[in-house]
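In the numbering used here, the protein residues as written are 104 to 438.
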């Protein structure tokens, strides 16, 4: 089994930390979150979210300051427990790249796929001198390749080569061209094809969908909390709700097919719940009762089994939740 793991730094409002926005050159109210998701095949679920605290505010939170990249590796990648026989590839963009970070992830037995900045220096095997990755890529032969990502076909001109990066070792670089744009990527798994590496890079966009749909359907950014720990726990409950819907619905609708997104999955989960509720209510109310008495009992049961009541009930019993298998084990300490 091959798991793909993506990381992103995102924004979440309604927090209490005041952060400096370098684009607007001013201080603003809000929180920065480092988020991640796990993907196996076409199914992906949110994994962990941790709040980034700026260095000048770290003393107020009584904890050591950590860069976003340190949070990503130390607090998200390292604690991940994999099922036996699983392989993990960590995917991130160029903003997260760092030689020491790639090595740290490799030391844990995982592979890395990420985007490289064009000015990153690489060298050929057994060669001392180095050159920029864009300069090296311009000398390679390109071929047209079509991949399918999120249900859509995309065609690129791509080229690849195994090179060496100082302090990292041998890696495979991939260059992709679309129109006038050329991008460069790295994979520590030298056996992956260029098309496979490009697919992994494209799938990193799934984490953007996690943010968008979890906010629209589960209130990802709508928390009314102040403590860092409470905010992180709230986000984890949102991620858990996403995961339960993904694995509970039985519609067997591929996620990226037309109308196959989270909204459809959530609708199917609701429909399945309503069907079970109707059956439960029907069995609870004896048909021989007088009409008025039956109506009264039905009213009470409908209130008891409503969708919103179910959600409230889930939150009240969440402290007793026990993971059914290793896949949900990473929620244990948060619920």
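Note that beta-carbon positions come from the ideal geometry of N, C-alpha and C, so glycine has one too.
field: In DSSP terms, what residue 367 is bridged to
entry: As a working mapping, residue 367 is identified with position 264 in the chain shown. BP columns for residue 367 are empty, so no partner.
N- and C-terminal bounds of the beta strand (DSSP E) containing residue 270: Translated into the one-based positions of the chain shown, residue 270 becomes position 167. It is not in any beta strand (DSSP E) - residue 270 carries neither H nor E in the DSSP assignment.
Separation of residue 350 from residue 282, as counted between CA atoms: Locating residue 282 in the chain shown gives position 179, counting from the first residue. Locating residue 350 in the chain shown gives position 247, counting from the first residue. Taking the straight line from one Cα to the other gives about 39 Å.
task: Count the other C-beta atoms from every protein chain shown that fall within 10 angstroms of the C-beta of residue 314, then say buried if there are 16 or more, exposed otherwise.
output: For the purposes of this step, residue 314 is taken as residue 211 along the chain shown, with counting starting at 1. Answer is buried; the Cβ neighbour count reaches 16.
Contacting residues, own chain, Cβ-Cβ under 7 Å from residue 321 (five flanking each side not counted): Along the chain shown, read from residue 1 onward, the residue named residue 321 stands at position 218. Taken in chain order, the residues that qualify are 341, 344 and 345.
field: Secondary structure of residue 312, DSSP reduced to three states
entry: What you label residue 312 is simply residue 209 of the chain shown in a count that begins at 1. DSSP places residue 312 in helix when its eight states are reduced to three.
task: Assess, as a yes-or-no matter, whether the stretch 201-210 is touched by the stretch 236-253 under the definition of 3 or more beta carbon pairs within less than 8 Å.
output: no
message: Threshold first: 3 residues or longer. Then list the beta strand (DSSP E) segments lying entirely within the stretch 166-204, N to C.
response: 190-195
query: Do residue 287 and residue 297 have their CB atoms nearer than 8 Å?
result: Translated into positions along the chain shown, residue 287 becomes position 184. Translated into positions along the chain shown, residue 297 becomes position 194. No, they are not a contact pair.
task: Provide the residue span of the alpha helix (DSSP H) that contains residue 97, from first to last.
output: Nothing about residue 97 can be read from this structure; the chain reaches only from 104 to 438.
message: Once the 5 residues before and after residue 309 are set aside, which same chain residues still bring their CB inside 7 Å of it?
response: As a first step, residue 309 must be located in the chain shown, where it is residue number 206. Here the set comprises 109, 140, 142 and 147.
task: Please report how far the alpha carbon of residue 252 lies from the alpha carbon of residue 295, in whole angstroms.
output: Against the chain shown, residue 252 aligns to sequence position 149. Against the chain shown, residue 295 aligns to sequence position 192. Spanning the two alpha carbons is a distance of roughly 17 Å.
message: Only counting the same chain, and skipping five residues up and downstream in sequence, which positions put a Cβ closer than 6 Å to that of residue 218?
response: Residue mapping note: residue 218 aligns to position 115 of the chain shown, counting from 1. 196, 197 and 288.
task: For the alpha helix (DSSP H) containing residue 239, list its first residue and its last residue.
output: Within the chain shown, the letter at position 136 stands for residue 239. Residues 236-240.
query: With which residues is residue 275 paired in a DSSP beta bridge?
result: Here the question's residue 275 lines up with position 172 in the chain shown. 265 and 290, per the DSSP bridge assignment.
- request: Quick one: give me the first and last residue of the alpha helix (DSSP H) that residue 142 is part of.
  value: Against the chain shown, residue 142 aligns to sequence position 39. Looking at the DSSP string, residue 142 is not in any alpha helix (DSSP H); the run it does join, the beta strand (DSSP E), is 134-143.
query: Quick one: is residue 280 near chain B, going by C-beta distance under 8 Å?
result: Looking at the structure shown, chain B is missing, and only one protein chain is on hand.
message: Buried or exposed for residue 172, going by 16 or more other Cβ atoms inside 10 Å?
response: To locate residue 172, count along the chain shown from 1; it is residue 69. Its Cβ being crowded by 16 or more others within 10 Å, residue 172 is buried.
task: Report yes or no: do the stretch 256-269 and the stretch 224-237 share at least 3 C-beta pairs separated by less than 8 Å?
output: yes
Cβ-based neighbour list, residue 222, same chain, cut-off 8 Å, excluding 5 preceding and 5 following: The sequence position of residue 222 within the chain shown is 119, counting from 1. The answer, listed in chain order, is 235, 236 and 237.
- prompt: What is the DSSP secondary structure of residue 306, counted as helix, strand or coil?
  reply: Along the chain shown, one-based indexing puts residue 306 at 203. Helix at residue 306.
field: Buried versus exposed, by CB contacts within 10 Å (16 or more), residue 258
entry: Walking along the chain shown from the start, residue 258 turns up at place 155. Residue 258 comes out exposed.
message: At the level of alpha carbons, what is the spacing between residue 291 and residue 380?
response: Residue 291 sits at position 188 when you count from the first residue of the chain shown. Residue 380 sits at position 277 when you count from the first residue of the chain shown. When rounded, the distance between both Cα atoms is 50 Å.
task: Identify whether residue 230 lies in helix, strand or coil by the three-state DSSP scheme.
output: As a first step, residue 230 must be located in the chain shown, where it is residue number 127. Correct three-state label for residue 230: coil.
field: Neighbour-count burial assignment, residue 319, 16 or more Cβ in a 10 Å radius
entry: On the chain shown, residue 319 is found 216 positions in, with the first residue counted as 1. Counting Cβ neighbours within 10 Å, residue 319 comes out exposed, since fewer than 16 surround it.
message: For residue 218, list the residues DSSP reports as bridge partners.
response: Here residue 218 refers to the residue found at position 115 when the chain shown is read from its first residue. Its beta-bridge partners are 288.
Top-ranked residue by Cα proximity to residue 269, from 150, 404, 206 and 389: Residue mapping note: residue 269 aligns to position 166 of the chain shown, counting from 1. Closest by alpha carbon: 206.
message: Starting from residue 252, trace the beta strand (DSSP E) in both directions and tell me its first and last residue.
response: Your numbering for residue 252 matches position 149 in the chain shown. Its beta strand (DSSP E) spans residues 246-252.
- prompt: Would residue 388 pass as a contact of residue 404 if the rule is Cβ separation under 8 Å?
  reply: Here residue 388 refers to the residue found at position 285 of the chain shown. Here residue 404 refers to the residue found at position 301 of the chain shown. Going by C-beta atoms, residue 388 is nearer than 8 Å to residue 404.
query: If you drop the 5 nearest sequence neighbours on each side, which residues of the same chain put their C-beta closer than 8 Å to that of residue 384?
result: Walking along the chain shown from the start, residue 384 turns up at place 281. For residue 384, where only same-chain residues beyond five positions count, the Cβ hits under 8 Å are 401, 404, 405 and 408.
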